[in-house]
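In what follows, a single structure is set out as structure tokens and then discussed.
Number of protein chains: 2
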Amino acid sequence: MTIPGGDTLTVKTLKTVEDLTTRLLEIQRINSAAALLSWDQETYMPTGGGEARAEQISTLQGIAHQKLVSPDIERLLAAWIDSETGEMRDSPGDAWDEPSRSLLREVWRDYSRAKKLPSDFVVTLSRECSLAQQVWAEAKKASNFAMFLPNLRTILSLKRQEAQYLGYKDSPYDALLDVYEPGSTIAALRPLFAQVKARLVPLLQKIQNSSVQIDDAALFRSFDVTRQMEFGRLVLMAMGYDFERGRLDLSAHPFTTSFHPTDVRVTTRVFEHDLQSCLFSCIHEGGHGLYDQGLDTRYYGTPLGDSVSLGIHESQSRMWENCVGRSRSFWRFFYPLLQQTFPQQLGALDGEQFYAAINRVKPSMIRVEADELTYNLHIMLRFEIEQDLIEGRTNPEDLPGIWNRKMEEYLGIVPANDAEGVLQDVHWSFGAFGYFPTYTLGNLYSVQFYEQAQREIPRLEEKITAGQLMELRRWLEQKIHRWGRMFTPDHLAQRVTGKSLDPEPFLSYVEKKYGEIYRLTGS
Amino acid sequence: MTIPGGDTLTVKTLKTVEDLTTRLLEIQRINSAAALLSWDQETYMPTGGGEARAEQISTLQGIAHQKLVSPDIERLLAAWIDSETGEMRDSPGDAWDEPSRSLLREVWRDYSRAKKLPSDFVVTLSRECSLAQQVWAEAKKASNFAMFLPNLRTILSLKRQEAQYLGYKDSPYDALLDVYEPGSTIAALRPLFAQVKARLVPLLQKIQNSSVQIDDAALFRSFDVTRQMEFGRLVLMAMGYDFERGRLDLSAHPFTTSFHPTDVRVTTRVFEHDLQSCLFSCIHEGGHGLYDQGLDTRYYGTPLGDSVSLGIHESQSRMWENCVGRSRSFWRFFYPLLQQTFPQQLGALDGEQFYAAINRVKPSMIRVEADELTYNLHIMLRFEIEQDLIEGRTNPEDLPGIWNRKMEEYLGIVPANDAEGVLQDVHWSFGAFGYFPTYTLGNLYSVQFYEQAQREIPRLEEKITAGQLMELRRWLEQKIHRWGRMFTPDHLAQRVTGKSLDPEPFLSYVEKKYGEIYRLTGS
Chain G
0 MTIPGGDTLT
10 VKTLKTVEDL
20 TTRLLEIQRI
30 NSAAALLSWD
40 QETYMPTGGG
50 EARAEQISTL
60 QGIAHQKLVS
70 PDIERLLAAW
80 IDSETGEMRD
90 SPGDAWDEPS
100 RSLLREVWRD
110 YSRAKKLPSD
120 FVVTLSRECS
130 LAQQVWAEAK
140 KASNFAMFLP
150 NLRTILSLKR
160 QEAQYLGYKD
170 SPYDALLDVY
180 EPGSTIAALR
190 PLFAQVKARL
200 VPLLQKIQNS
210 SVQIDDAALF
220 RSFDVTRQME
230 FGRLVLMAMG
240 YDFERGRLDL
250 SAHPFTTSFH
260 PTDVRVTTRV
270 FEHDLQSCLF
280 SCIHEGGHGL
290 YDQGLDTRYY
300 GTPLGDSVSL
310 GIHESQSRMW
320 ENCVGRSRSF
330 WRFFYPLLQQ
340 TFPQQLGALD
350 GEQFYAAINR
360 VKPSMIRVEA
370 DELTYNLHIM
380 LRFEIEQDLI
390 EGRTNPEDLP
400 GIWNRKMEEY
410 LGIVPANDAE
420 GVLQDVHWSF
430 GAFGYFPTYT
440 LGNLYSVQFY
450 EQAQREIPRL
460 EEKITAGQLM
470 ELRRWLEQKI
480 HRWGRMFTPD
490 HLAQRVTGKS
500 LDPEPFLSYV
510 EKKYGEIYRL
520 TGS
Chain R
0 MTIPGGDTLT
10 VKTLKTVEDL
20 TTRLLEIQRI
30 NSAAALLSWD
40 QETYMPTGGG
50 EARAEQISTL
60 QGIAHQKLVS
70 PDIERLLAAW
80 IDSETGEMRD
90 SPGDAWDEPS
100 RSLLREVWRD
110 YSRAKKLPSD
120 FVVTLSRECS
130 LAQQVWAEAK
140 KASNFAMFLP
150 NLRTILSLKR
160 QEAQYLGYKD
170 SPYDALLDVY
180 EPGSTIAALR
190 PLFAQVKARL
200 VPLLQKIQNS
210 SVQIDDAALF
220 RSFDVTRQME
230 FGRLVLMAMG
240 YDFERGRLDL
250 SAHPFTTSFH
260 PTDVRVTTRV
270 FEHDLQSCLF
280 SCIHEGGHGL
290 YDQGLDTRYY
300 GTPLGDSVSL
310 GIHESQSRMW
320 ENCVGRSRSF
330 WRFFYPLLQQ
340 TFPQQLGALD
350 GEQFYAAINR
360 VKPSMIRVEA
370 DELTYNLHIM
380 LRFEIEQDLI
390 EGRTNPEDLP
400 GIWNRKMEEY
410 LGIVPANDAE
420 GVLQDVHWSF
430 GAFGYFPTYT
440 LGNLYSVQFY
450 EQAQREIPRL
460 EEKITAGQLM
470 ELRRWLEQKI
480 HRWGRMFTPD
490 HLAQRVTGKS
500 LDPEPFLSYV
510 EKKYGEIYRL
520 TGS
């Protein structure tokens, strides 16, 4: 390539950094193996196998960590990057293509973070998390927070230690947030969440004062669990989730995990007397699954083959679950099928009643079963509690009381026990502090992206009404999935929608949708 | 401890070699992870995930291999062992206790073998085997040997290479045999197998000339597959297989795998029109599973926590399957339960008829479904073919013809296609040359051990008749399972039965059992 002035410009490509990506690939394979061990722990592992499994997972994670911080990687990175600042050293007459530039930026991000954590700390944290997760499951079953408390203390002290290792400007919690959502901080999230809260709380009040009473009793009749699973599978197939490269299994908590774009697994749970649980968790996890199946296999093992952030990941699951899965268009097509599957239970419920029932707003104890509106209030209380725990303002033993008070404050209801209160979520048991806020980010991004899809895909709602979901899947793959970590979350949002994260689309969407369902008059 | 002469004798224990066992433990955890990846590949992995999985498994196996041959392990071993000869260096005034002595002997065995194989060879072999296994499955489905041939060639050339690396005296095949059955050679097996054949072939002839015609048609009626699985599970529980530390799943080929004594998994397969397949593979794999669950958890990661050889392992599965599971005593208790499970199909068949039906001798195409007698003839033809392949006397492309000719020679029948002929077994696809002979060794050991159990456990047959199988399980655990690799296979046989492997108990057992069933007159 010739540049003005007559010099020859050498373009550096992924080929240039092949020594580096080969090593990253090995590390990714170890991480994928560890991910399978975790998937198995949640799905099929016999109970007796837990302790040995914790050690196996932590051994693999320790090895992966050691390999990432090895002098080998350091040497290969140092050839192109200033190891202090992470700045690329562009030599005159040289240029990097965009994939390689992004790759080096992101590898340096991973490397420099990993480098701050001693390998034995990584092994200890992994083992303690794996064990705590099992104790949490027992404690939740027994609805006994005290059982889980010693493990929670251990995890908390390790996570505070981790924040110290990683470093931060304002709060140790920022160091943890950044792991899940690159660039996010308390300072950025607080006003954003305040803005959301300022619009959601009055909306919720109006809904609660509305004379419209939605009857969703039909959704809690008896539904054969096998048929529920079959229907979940059918919807996943319609979404374009590829069962040749995926599976649907049962687990206590629905989740998605990926070992490679050719092996991406989702789980669900199914309750005889709750039609929504299996159905919407299939759609939700399917959204996650499509993202992971849509990553570019050629980049597997590198950041370009990895999802960009949890917030963006959650935007995919929430878009499918809510913007699509709780829309009129979607159910115009799928409700007759659902009725045929459960004629006795749903025969008397017409499509409009069903649409209202699945969109009923009602403050409830369990986050994952919350409606679109109150869901974010669940997140906000966790966001506050997490900060207080990590910053040391709250004693872990006081958690159940604090939880219950905040539930009353935010949602006007009080859990009757720990299982439906502070013990309901698995996250803290595996050390995921700073994870919850990404759920609300996902909600906000989901509508911002979906409205862009509506603008760009001709007659999208018509297609959805006809059960044709593939065009949306393709759009998401082209616009978001296949890019991996090529762009930062913010850059990606700008590329796709022309602007950074903006809560307005989400807020207008819920005000319009629920205003109509609950026949609310203008403010 | 004081020894004659007044010197103080220092006894070295496992504590002395703790640095070594800590490293072994890490390696075992990696191997256990790889084993889970393989289990998943055979049970739940979506088809698209195969290529990535092959790479993940080979990455882990490569790392485990590298760690085993690391200078670290070498240094730790060299402190106690002459690295050339493997002889222990006993310093005067020192003594090792038996566990430590055995541990060092066996670690040296593993280490010195691994040391002979370059790490990149291990990775290549692992990847090629994992891929070949998937191609074999497709080829078998299509009953098309040509599809599998290229992979078989690759595997064969790698296995010959492996034999060269490992070294041998008489035949490269000996180097491969020794991996599965320490100490076994063609020279030792050939006369043993000849002796077995010399007694089995005339016995088979007499049976085929017998006027007794056994009608087993009832076993091939329609049996609900879920009920079959439930019955298999019931028998496993009665055997003492612990479902808190294990699982039963479906796979194309039944197998047992262990990630730790607290997580040992068996698989089976189930056919609607064949009652025996699921039933006896559950009992068979259950025998393997009891061995792995019976290993001492304290020794996990060291050879003392590992099974001693495939022949001994198979003795456990065959003992449960045949000595117990095809005995009158066992079915006195379990047949009424089986009849209740399938009243329509089995109502008219009395216990004695059922006993005869499950012991019907009939040359058949498929090894795993063969009766106790003809089973060993299946092994012998594989033993001969393997030698010829490894020693280069046979071209892989000629295999189907050779297979069919030998089937006719040994069993008087000829497969109609590759699927029921040369493609029936998975073993060669994952590089397991030298594995098949251990099945016959297992058959011989099983009766030798079982007759010892009958001598030592008071009223064993009575107990089995009452459905009480636990005492046998405990005896096996005490006598065999818990010792791991403390003793060599031969030493173990001598400890348990007072003598080395002896085909006589097996031969007398089948002559007596089938003589009675087929009402054969004395020779």
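Each protein sequence line maps, in turn, to chains G and R. So the first sequence is residues 0 to 522, counted in numbering that gives the first Met the number 0. So the second sequence is residues 0 to 522, counted in numbering that gives the first Met the number 0. Cβ atoms here follow ideal geometry from the backbone N, Cα and C, with glycine treated the same way.
Close to residue 441 of chain G, with beta-carbon spacing below 9 angstroms, lies no residue of chain R; the smallest spacing is near 26 angstroms. Judged by DSSP secondary structure, residue 11 of chain R falls within the beta strand (DSSP E) whose first and last residues are 9-11. Proximity to residue 144 of chain G across G:492, G:472, G:416 peaks at G:416, based on C-alpha coordinates.
Rounded to whole angstroms, the Cβ separation of residue 199 of chain R and residue 443 of chain R is 12 angstroms, and the two are not in contact under 8 angstroms. Residue 243 of chain G is positioned such that its CB atom lies no closer than 7 angstroms to that of residue 282 of chain G. Take the alpha-carbon of residue 45 of chain G and the one of residue 241 of chain R: they are about 10 angstroms apart. A residue is called buried once 16 or more other Cβ atoms fall within 10 Å of its Cβ, and residue 183 of chain R is buried on that count.
Inter-segment contact for the stretch 188-202 of chain G and the stretch 444-454 of chain G is absent: fewer than three beta-carbon pairs are separated by less than 8 angstroms. Across the set G:38, G:76, G:50, G:58, the C-alpha of G:76 shows the shortest separation from the C-alpha of residue 22 of chain G. R:162 is the residue among R:169, R:304, R:162, R:202 whose C-alpha sits nearest the C-alpha of residue 175 of chain R. Spanning the alpha carbons of residue 250 of chain R and residue 298 of chain R requires a straight line of approximately 30 angstroms.
Every unbroken stretch of the alpha helix (DSSP H) spanning 4 or more residues and falling wholly within the stretch 139-223 of chain R is given here in chain order: 144-165, 171-179, 185-208.
If you draw a straight line from the Cα of residue 467 of chain R to the Cα of residue 294 of chain R, it is about 22 angstroms long.
Shown here for residue 149 of chain R: not one same chain residue has a beta carbon closer than 7 angstroms to its own, the five before and five after excluded.
Each residue's CA atom was taken as its position, placing residue 260 of chain G and residue 51 of chain G some 28 angstroms apart. The C-beta distance from residue 36 of chain G to residue 65 of chain G rounds to 18 angstroms, too long to meet the 8 angstroms contact threshold. Beta-bridge annotation (DSSP): residue 466 of chain R is not paired with any residue. The beta carbon of residue 328 of chain G sits closer than 6 angstroms to the beta carbons of 460, 463, 464 from its chain, once the five residues preceding and following it are set aside; these are given in chain order.
Contacts between residue 28 of chain R and chain G, judged by CB atoms closer than 7 angstroms, involve 54, 55, 58 in chain order. A Cβ-Cβ separation of about 6 angstroms places residue 271 of chain G in contact with residue 222 of chain G under the 8 angstroms criterion. In the displayed model, residue 365 of chain G falls within coil according to three-state DSSP, outside both helix and strand.
Assigned with DSSP and collapsed to three states, residue 122 of chain G falls in helix. Taking 3 residues as the shortest admissible run, the stretch 44-116 of chain G contains the following complete beta strand (DSSP E) segments, listed from N- to C-terminal end: 93-95. Using beta-carbon distances, residue 36 of chain R counts as an interface residue toward chain G, with a partner under 7 angstroms. In the DSSP assignment, the residues bridged to residue 256 of chain G are G:264. Less than 7 angstroms separates the beta-carbon of residue 425 of chain G from that of residue 252 of chain G.
Contacts between residue 39 of chain G and chain R, judged by CB atoms closer than 8 angstroms, involve 35, 39 in chain order. Between residue 290 of chain G and residue 280 of chain G the beta-carbon gap is near 16 angstroms, outside 8 angstroms, which marks them as no contact.
Comparing alpha carbon positions, the residue from R:519, R:381, R:500, R:285 closest to residue 187 of chain R is R:500.
Put simply, of R:62, R:322, R:228 the residue whose alpha carbon is nearest the alpha carbon of residue 33 of chain R is R:62. Between the C-alpha atoms of residue 257 of chain R and residue 315 of chain R there is a straight-line separation of about 15 angstroms. For residue 372 of chain G, the three-state secondary structure derived from DSSP is coil.
Restricting attention to alpha helix (DSSP H) runs no shorter than 4 residues, the stretch 334-415 of chain G encloses them at 342-345, 350-357, 374-389, 398-410, ordered along the chain. Residue state for residue 325 of chain G is assigned as coil, using DSSP reduced to three classes. If you check each beta-carbon in the stretch 230-243 of chain R against every beta-carbon of chain G, the ones closer than 9 angstroms belong to 241, 242, 243. DSSP, reduced to helix, strand and coil, places residue 417 of chain G outside both helices and strands of the structure shown, so it counts as coil.
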